[in-house]
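Take a look at the structure below.
6 protein chains.
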Amino acid sequence: MDDYNEIMIEANAHCDGPCGVYDPASARIAGEAVQSMTNKMIALSDSDVDCSSASYINTMSRYASIKEEEAQKCKHELLVLWTDFFKPQHLESLPNLHTTFWNAAKLCSACKVEVSSIHAQELMDSIEEIHNMFWNVKGKDVPWIRAS
Amino acid sequence: MDDYNEIMIEANAHCDGPCGVYDPASARIAGEAVQSMTNKMIALSDSDVDCSSASYINTMSRYASIKEEEAQKCKHELLVLWTDFFKPQHLESLPNLHTTFWNAAKLCSACKVEVSSIHAQELMDSIEEIHNMFWNVKGKDVPWIRAS
Amino acid sequence: MDDYNEIMIEANAHCDGPCGVYDPASARIAGEAVQSMTNKMIALSDSDVDCSSASYINTMSRYASIKEEEAQKCKHELLVLWTDFFKPQHLESLPNLHTTFWNAAKLCSACKVEVSSIHAQELMDSIEEIHNMFWNVKGKDVPWIRAS
Amino acid sequence: MDDYNEIMIEANAHCDGPCGVYDPASARIAGEAVQSMTNKMIALSDSDVDCSSASYINTMSRYASIKEEEAQKCKHELLVLWTDFFKPQHLESLPNLHTTFWNAAKLCSACKVEVSSIHAQELMDSIEEIHNMFWNVKGKDVPWIRAS
Amino acid sequence: MDDYNEIMIEANAHCDGPCGVYDPASARIAGEAVQSMTNKMIALSDSDVDCSSASYINTMSRYASIKEEEAQKCKHELLVLWTDFFKPQHLESLPNLHTTFWNAAKLCSACKVEVSSIHAQELMDSIEEIHNMFWNVKGKDVPWIRAS
Amino acid sequence: MDDYNEIMIEANAHCDGPCGVYDPASARIAGEAVQSMTNKMIALSDSDVDCSSASYINTMSRYASIKEEEAQKCKHELLVLWTDFFKPQHLESLPNLHTTFWNAAKLCSACKVEVSSIHAQELMDSIEEIHNMFWNVKGKDVPWIRAS
Numbered sequence: 109m110d111d112y113n114e115i116m117i118e119a120n121a122h123c124d125g126p127c128g129v130y131d132p133a134s135a136r137i138a139g140e141a142v143q144s145m146t147n148k149m150i151a152l153s154d155s156d157v158d159c160s161s162a163s164y165i166n167t168m169s170r171y172a173s174i175k176e177e178e179a180q181k182c183k184h185e186l187l188v189l190w191t192d193f194f195k196p197q198h199l200e201s202l203p204n205l206h207t208t209f210w211n212a213a214k215l216c217s218a219c220k221v222e223v224s225s226i227h228a229q230e231l232m233d234s235i236e237e238i239h240n241m242f243w244n245v246k247g248k249d250v251p252w253i254r255a256s
Numbered sequence: 109m110d111d112y113n114e115i116m117i118e119a120n121a122h123c124d125g126p127c128g129v130y131d132p133a134s135a136r137i138a139g140e141a142v143q144s145m146t147n148k149m150i151a152l153s154d155s156d157v158d159c160s161s162a163s164y165i166n167t168m169s170r171y172a173s174i175k176e177e178e179a180q181k182c183k184h185e186l187l188v189l190w191t192d193f194f195k196p197q198h199l200e201s202l203p204n205l206h207t208t209f210w211n212a213a214k215l216c217s218a219c220k221v222e223v224s225s226i227h228a229q230e231l232m233d234s235i236e237e238i239h240n241m242f243w244n245v246k247g248k249d250v251p252w253i254r255a256s
Numbered sequence: 109m110d111d112y113n114e115i116m117i118e119a120n121a122h123c124d125g126p127c128g129v130y131d132p133a134s135a136r137i138a139g140e141a142v143q144s145m146t147n148k149m150i151a152l153s154d155s156d157v158d159c160s161s162a163s164y165i166n167t168m169s170r171y172a173s174i175k176e177e178e179a180q181k182c183k184h185e186l187l188v189l190w191t192d193f194f195k196p197q198h199l200e201s202l203p204n205l206h207t208t209f210w211n212a213a214k215l216c217s218a219c220k221v222e223v224s225s226i227h228a229q230e231l232m233d234s235i236e237e238i239h240n241m242f243w244n245v246k247g248k249d250v251p252w253i254r255a256s
Numbered sequence: 109m110d111d112y113n114e115i116m117i118e119a120n121a122h123c124d125g126p127c128g129v130y131d132p133a134s135a136r137i138a139g140e141a142v143q144s145m146t147n148k149m150i151a152l153s154d155s156d157v158d159c160s161s162a163s164y165i166n167t168m169s170r171y172a173s174i175k176e177e178e179a180q181k182c183k184h185e186l187l188v189l190w191t192d193f194f195k196p197q198h199l200e201s202l203p204n205l206h207t208t209f210w211n212a213a214k215l216c217s218a219c220k221v222e223v224s225s226i227h228a229q230e231l232m233d234s235i236e237e238i239h240n241m242f243w244n245v246k247g248k249d250v251p252w253i254r255a256s
Numbered sequence: 109m110d111d112y113n114e115i116m117i118e119a120n121a122h123c124d125g126p127c128g129v130y131d132p133a134s135a136r137i138a139g140e141a142v143q144s145m146t147n148k149m150i151a152l153s154d155s156d157v158d159c160s161s162a163s164y165i166n167t168m169s170r171y172a173s174i175k176e177e178e179a180q181k182c183k184h185e186l187l188v189l190w191t192d193f194f195k196p197q198h199l200e201s202l203p204n205l206h207t208t209f210w211n212a213a214k215l216c217s218a219c220k221v222e223v224s225s226i227h228a229q230e231l232m233d234s235i236e237e238i239h240n241m242f243w244n245v246k247g248k249d250v251p252w253i254r255a256s
Numbered sequence: 109m110d111d112y113n114e115i116m117i118e119a120n121a122h123c124d125g126p127c128g129v130y131d132p133a134s135a136r137i138a139g140e141a142v143q144s145m146t147n148k149m150i151a152l153s154d155s156d157v158d159c160s161s162a163s164y165i166n167t168m169s170r171y172a173s174i175k176e177e178e179a180q181k182c183k184h185e186l187l188v189l190w191t192d193f194f195k196p197q198h199l200e201s202l203p204n205l206h207t208t209f210w211n212a213a214k215l216c217s218a219c220k221v222e223v224s225s226i227h228a229q230e231l232m233d234s235i236e237e238i239h240n241m242f243w244n245v246k247g248k249d250v251p252w253i254r255a256s
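Chains as they are written, first to last, in my numbering: chain A, 109 to 256; chain B, 109 to 256; chain C, 109 to 256; chain D, 109 to 256; chain E, 109 to 256; chain F, 109 to 256.
Shown next as structure tokens:
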């Protein structure tokens with residue numbers, strides 16, 4: 109091992125990916141997909157369809173599966189921000205950092221277990237809160253724009 | 109099979125995911141990571157380091173591997189837009205649709221094969237062009253904001 | 109950066125994987141699985157079973173999920189051919205290249221959304237067309253043999 | 109190629125991952141999840157619920173999907189032990205090695221296809237047998253402790 | 109939506125996977141692999157080998173890549189415990205819950221960025237601490253046994 | 109549980125995927141990629157290049173990584189044939205079934221650990237042997253055609 113090693117650790121230890129390319133938009137896009145799938149599942153089950161048809165089970169099970177996958181991706185993207193972007197020095201100005209992320213992650217799990225438009229909206233609200241926390245720390249004014 | 113099947117195909121055939129949640133930001137974020145990794149690899153190989161150290165090979169091979177993964181993700185996200193978001197009716201107003209996406213995909217591959225800051229920038233330019241095509245079709249004015 | 113870099117780009121720029129190992133058989137195998145799952149789903153929903161049993165929902169939802177996965181894999185394998193194997197010089201002799209691949213990719217998506225034996229067969233037909241285009245370009249006479 | 113190459117092959121050829129970190133606990137944890145999902149699916153389908161509700165299909169299809177994934181993971185972890193940990197010299201003292209793993213792998217597949225608490229238990233029994241074979245070969249006395 | 113929905117949320121809302129199959133052994137196995145790869149990388153770079161040979165770069169880059177993957181898996185397994193197993197009622201008896209997991213996750217990232225046997229050992233120590241916290245909450249006395 | 113369950117297990121227990129779509133071509137394609145990457149790594153390390161350049165390490169580490177991935181995929185595809193396609197009744201006419209697959213899987217691992225054109229060729233030979241065993245059992249005469 110050499111001196112260079114020390115320098116590199118210095119230079120990289122604050123992130124394990126490409127510095128500066130963190131963006132809460134990834135979590136937001138996944139969250140929108142969770143919400144969209146949740147609402148489609150409720151609408152379809154409330155409609156007057158033959159629930160024993162191949163079409164019905166194909167559509168419902170793939171909606172459930174896309175919801176699962178996107179909720180998992182949303183959770184992953186949020187936790188990347190928590191574990192890698194935010195640093196100990198941010199805790200003073202953001203005393204609720206841990207609780208905010210813990211709740212957001214638990215909402216991702218709830219959106220898998222349930223088909224709940226209420227929890228899907230709460231998840232979107234908590235991603236918006238994290239969007240604001242993130243861009244505040246970066247000192248940039250980035251508007252919250254949904255794709256759907 | 110039943111009537112319901114016909115209705116559902118009608119309602120869903122234009123996309124195989126959650127309608128309305130397409131967003132070129134996913135490709136943009138991956139493209140920024142490709143560019144960041146490319147530039148870091150060039151900077152590190154130009155610096156005065158011991159290229160036989162464990163640190164050097166650890167850093168270079170993981171930069172190459174993150175570049176590979178993000179270029180693949182970028183390509184995938186772009187192709188989702190090409191195959192699912194854009195429809196035959198868009199071809200008239202966007203006569204270069206196929207060529208634009210073909211070139212963008214080939215740039216993703218080039219950014220894997222090479223360590224080229226020129227091609228990384230060309231990739232970002234072509235993602236910006238697709239960002240504009242996309243939001244034009246949606247009739248929304250969404251600014252191009254990079255995270256890095 | 110050095111001269112060697114130029115040479116390597118020259119030597120590799122036409123593919124981002126192992127040159128010469130492209131094979132449309134990967135897309136064909138995935139397409140056959142999509143068709144098989146589609147037909148099994150239709151047969152099972154047409155049979156006289158108790159659609160509330162654990163067995164029924166287990167079988168139907170895993171058939172839907174295998175269909176989804178294989179359709180995705182089929183699309184991916186086809187797009188690797190489009191983005192990496194085919195080059196600008198092939199466009200003259202294959203003027204429908206872009207349209208053929210666009211339609212094939214859209215059929216993959218349709219086979220996810222629907223449970224349609226018609227679209228599953230159209231997908232197989234379009235893979236066979238691509239199989240022929242591919243081996244024509246390679247100047248080799250490889251027969252179209254299905255595994256099922 | 110050089111002498112060093114020979115030495116390295118010597119040193120590494122008996123495994124393709126990190127020597128010494130094989131542990132049948134990975135297969136055991138996945139097997140427990142398969143059994144848990146199987147039993148939950150049976151209990152839910154035997155209960156008095158409205159099987160056309162969005163909740164029912166969400167829960168059943170995600171249980172089926174977690175069962176599928178964990179059975180696949182279980183199979184993968186078992187086969188890593190078979191292909192990489194066990195060596196030709198173990199065949200003399202373990203004449204049933206191949207048959208034990210073949211049957212265990214086939215039980216993983218059966219637990220995907222079916223919702224059978226009998227096969228789920230047989231899978232757990234065969235993982236326990238492999239746990240004992242493994243730690244016997246390592247000459248260590250490690251108790252079989254389930255997490256559930 | 110129906111009454112059944114309420115019951116199911118009640119029954120499942122505390123976890124999004126198979127209750128009772130959480131096991132910190134998964135994180136421990138991944139952590140051991142990180143430590144093993146780290147030590148092998150240091151040993152190989154300290155040895156007297158030709159670092160321009162194909163063997164050397166093959167071994168070093170795959171060790172770096174296994175280290176990366178296992179550190180990611182370790183982080184994922186730890187965060188599943190944090191987001192899903194632990195509940196608000198555990199905070200009183202475990203006031204350092206958030207900090208413990210935050211540091212463990214940051215150590216996973218550090219073990220990717222660096223080739224550091226010190227950080228690899230600190231990661232193992234923090235997994236052992238979490239192992240103890242976990243089994244304390246479950247009221248079971250499970251020994252900490254390493255596979256390597 | 110119901111009678112239907114028994115029927116379905118009968119009908120599906122011999123495979124856990126889409127019956128009839130097994131095809132050793134998937135393993136063959138992956139094996140060809142392993143061989144191609146192996147030979148390219150040897151050629152590049154034998155050439156007169158500056159092994160400290162960003163291009164060199166980018167190319168070598170991604171060749172190693174593609175080799176790793178394809179060897180893993182090859183092993184997976186082979187083991188699907190062993191665990192799911194072949195049944196106890198095939199053991200009489202194929203007494204070497206287990207040994208053939210065990211050796212083929214161990215060759216996949218060797219091709220990860222080493223950069224050996226000899227082992228890469230032995231892997232291809234053993235895939236060809238399995239190709240012949242497979243199509244013999246199916247009673248079909250399918251020629252062994254490589255894509256490269």
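Backbone N, C-alpha and C fix where the C-beta goes; we use that ideal spot for every residue, glycine too.
task: Using a cut-off of 8 Å between C-beta atoms, extract the partners of C:Ser-160 located in chain D.
output: Translated into positions along the third sequence, residue 160 of chain C becomes position 52. Simply Ser-153, Cys-159.
- prompt: Using CA coordinates, which residue listed in D:Ser-173, D:Leu-152, D:Val-245, D:Thr-208 is at the minimum distance from A:Lys-220?
  reply: For the purposes of this step, residue 220 of chain A is taken as residue 112 along the first sequence, with counting starting at 1. Ranking the options by Cα distance to A:Lys-220, first place goes to D:Ser-173.
message: Residues in the same chain with beta-carbon distance under 6 Å from F:Gly-139, minus the five sequence neighbours each way, listed in chain order, please.
response: Locating residue 139 of chain F in the sixth sequence gives position 31, where the first residue counts as 1. Same-chain partners within the cutoff: Cys-182, Leu-231, Met-232, Ile-235.
- prompt: Applying a beta-carbon distance threshold of less than 7 Å, which residues of chain D neighbour E:Ile-238?
  reply: Within the fifth sequence, numbered from 1, the residue matching residue 238 of chain E stands at position 130. Within 7 Å Cβ-Cβ: nothing; E:Ile-238 doesn't reach chain D, min ~14 Å.
message: Report the start-end ranges of each alpha helix (DSSP H) in the stretch 124-164 of chain D that is 4 residues or longer and not cut off at the edges.
response: 133-154
- request: Verify the CB distance criterion: does F:Glu-230 have a CB-CB separation below 8 Å to chain E?
  value: For the purposes of this step, residue 230 of chain F is taken as the residue at position 122 of the sixth sequence. Closer than 8 Å: no.
- prompt: So, D:His-198 versus D:Leu-189, is the Cβ gap smaller than 8 Å?
  reply: Here residue 198 of chain D corresponds to residue number 90 of the fourth sequence, with the count starting at 1. Here residue 189 of chain D corresponds to residue number 81 of the fourth sequence, with the count starting at 1. No, Cβ-Cβ distance for D:His-198 and D:Leu-189 is not below 8 Å.
field: A:Lys-214 at chain E interface by Cβ criterion, 8 Å
entry: By one-based count along the first sequence, residue 214 of chain A stands at place 106. A:Lys-214 counts as touching chain E.
- prompt: By DSSP, does D:Phe-194 sit in helix, in strand, or in coil?
  reply: Looking up residue 194 of chain D in the fourth sequence gives position 86. Coil at D:Phe-194, not helix or strand.
- prompt: Who are the Cβ neighbours of B:Ile-137 in its own chain at under 8 Å, not counting the five residues just before and after it?
  reply: Counting from one through the second sequence, the residue named residue 137 of chain B turns up at place 29. Same-chain partners within the cutoff: Ala-255.
Alpha-carbon to alpha-carbon, D:Ala-151 and D:Val-157: For the purposes of this step, residue 157 of chain D is taken as the residue at position 49 of the fourth sequence. For the purposes of this step, residue 151 of chain D is taken as the residue at position 43 of the fourth sequence. Each residue's alpha carbon lies about 11 Å from the other.
message: Determine whether the beta carbon atoms of D:Met-145 and C:Ile-165 lie at a separation below 8 Å.
response: Taking the first residue of the fourth sequence as 1, we reach residue 145 of chain D at position 37. Taking the first residue of the third sequence as 1, we reach residue 165 of chain C at position 57. No.
task: Sort C:Ser-155, C:Asp-154, C:Ser-160, C:Ser-153 by Cα distance to D:Ser-155 and report the nearest one.
output: In the fourth sequence, residue 155 of chain D corresponds to position 47, counting from 1. Minimum Cα distance to D:Ser-155 is reached at C:Ser-160.
message: Quick check on the burial criterion: 16 or more other C-beta atoms within 10 angstroms. Buried or exposed for F:Asp-192?
response: The residue given as residue 192 of chain F occupies position 84 in the sixth sequence. Buried, since its Cβ has 16 or more Cβ neighbours within 10 Å.
- prompt: Whose CA, out of B:Glu-237, B:Val-129, B:Leu-215, B:Glu-185, lies closest to the CA of C:Lys-195?
  reply: Walking along the third sequence from the start, residue 195 of chain C turns up at place 87. That would be B:Leu-215, whose Cα lies nearest to the Cα of C:Lys-195.
- request: From the DSSP output, in three-state form, read off C:Ile-115 for me.
  value: As a working note, residue 115 of chain C is residue 7 in the third sequence. Because the pLDDT of C:Ile-115 is 39, which lies under 50, any placement of that residue in the model is unreliable, and the number read from its coordinates should be weighed accordingly. In the structure shown, C:Ile-115 sits in a helix (DSSP, three-state: H, G or I).
message: For a minimum of 4 consecutive residues, which ranges assigned as the alpha helix (DSSP H) are wholly contained in the stretch 211-256 of chain C?
response: 225-246
task: Could you check if C:Lys-246 is buried or exposed, using at least 16 other CB atoms within 10 Å of its CB as the buried criterion?
output: Stepping through the third sequence from its first residue, residue 246 of chain C is reached at position 138. So C:Lys-246 counts as exposed.
message: Given this structure, state the Cα-to-Cα distance separating E:Gln-229 from E:Ala-162, to the nearest angstrom.
response: Position 121 of the fifth sequence, counted from the first residue, corresponds to residue 229 of chain E. Position 54 of the fifth sequence, counted from the first residue, corresponds to residue 162 of chain E. Going from the Cα of E:Gln-229 to the Cα of E:Ala-162 covers about 30 Å.
- prompt: Looking at the structure shown, is C:Glu-178 part of a helix, part of a strand, or coil, going by DSSP?
  reply: Position 70 of the third sequence, counting from 1, holds the residue named residue 178 of chain C. C:Glu-178: helix per DSSP, three-state reduction.
query: Closest Cβ-Cβ distance between D:Asn-166 and chain A: below 8 Å?
result: Reading the fourth sequence from its first residue, position 58 is the one you call residue 166 of chain D. Yes, because at least one Cβ of chain A sits closer than 8 Å to the Cβ of D:Asn-166.
- prompt: According to DSSP, is C:Leu-202 helix, strand or coil?
  reply: Here residue 202 of chain C is taken as the residue at index 94 of the third sequence, counted from 1. C:Leu-202 falls in the coil class under three-state DSSP.
query: To the nearest angstrom, how far is it from the Cα of A:Glu-200 to the Cα of E:His-239?
result: By 1-based counting over the first sequence, the position of residue 200 of chain A is 92. By 1-based counting over the fifth sequence, the position of residue 239 of chain E is 131. Computed Cα separation, rounded: 29 Å.
field: Candidates A:Ala-179, A:Phe-209, A:Ser-134, A:Ile-253: closest to A:Val-223 by CA position
entry: Within the first sequence, residue 223 of chain A is the residue found at index 115, counting from 1. Per the Cα distances, A:Ala-179.
- prompt: For A:Ala-135, which residues from the same chain have a beta carbon less than 6 Å from its beta carbon, with the 5 sequence-adjacent residues on both sides left out?
  reply: Sequence index remark: in the first sequence, residue 135 of chain A carries index 27 (1-based). These residues qualify, in order along the chain: Cys-182, Glu-185, Leu-186, Ile-235.
task: Quick one: residues in its chain with C-beta nearer than 6 Å to the C-beta of C:Asn-113, no 5 flanking neighbours on either side, listed in chain order?
output: Residue mapping note: residue 113 of chain C aligns to position 5 of the third sequence, counting from 1. Bear in mind that the predicted position of C:Asn-113 carries a pLDDT of just 41, short of 50, making it too unreliable to give a figure here.
query: For D:Ser-225, which residues in chain C fall below 9 Å Cβ to Cβ?
result: Stepping through the fourth sequence from its first residue, residue 225 of chain D is reached at position 117. The contacting residues do not exist; D:Ser-225 stays about 11 Å from chain C at best.
query: Would the beta-carbon of A:Tyr-171 fall within 8 Å of that of A:Lys-148?
result: As a position in the first sequence, residue 171 of chain A is number 63, starting the count at 1. As a position in the first sequence, residue 148 of chain A is number 40, starting the count at 1. In contact: A:Tyr-171 and A:Lys-148 (Cβ atoms closer than 8 Å).
query: To which residues of the same chain is C:Ala-218 closer than 6 Å at the C-beta, ignoring the five residues directly before and after it?
result: Residue mapping note: residue 218 of chain C aligns to position 110 of the third sequence, counting from 1. If we look at C:Ala-218 and ignore the five residues flanking it on each side, its Cβ neighbours are His-227.
- prompt: Residues in the stretch 196-207 of chain C with C-beta within 7 Å of chain B's C-beta atoms, listed in sequence order?
  reply: His-206
- prompt: Does the beta-carbon of E:Pro-132 have 16 or more other beta-carbons within 10 angstroms, so that it is buried, or is it exposed?
  reply: Your numbering for residue 132 of chain E matches position 24 in the fifth sequence. The residue in question, E:Pro-132, is buried, as its Cβ has 16 or more Cβ neighbours within 10 Å.
- prompt: Around the C-beta of B:Trp-210, are 16 or more other C-beta atoms found within 10 angstroms, so that it is buried, or is it exposed?
  reply: To locate residue 210 of chain B, count along the second sequence from 1; it is residue 102. The residue in question, B:Trp-210, is buried, as its Cβ has 16 or more Cβ neighbours within 10 Å.
- prompt: How long is the line joining the alpha carbons of F:Asp-110 and D:Ser-225, rounded to whole angstroms?
  reply: Along the sixth sequence, one-based indexing puts residue 110 of chain F at 2. Along the fourth sequence, one-based indexing puts residue 225 of chain D at 117. Low local confidence applies: a pLDDT of 39 at F:Asp-110 is under 50, so the model's placement there is unreliable, with the coordinate-based value given in what follows. Cα to Cα, the separation comes out at about 14 Å.
task: Kindly list, in the order they appear in chain F, the residues whose Cβ is closer than 9 Å to that of E:Arg-258.
output: This structure does not reach residue 258 of chain E, given that chain E is present from 109 up to 256, and the question cannot be answered.
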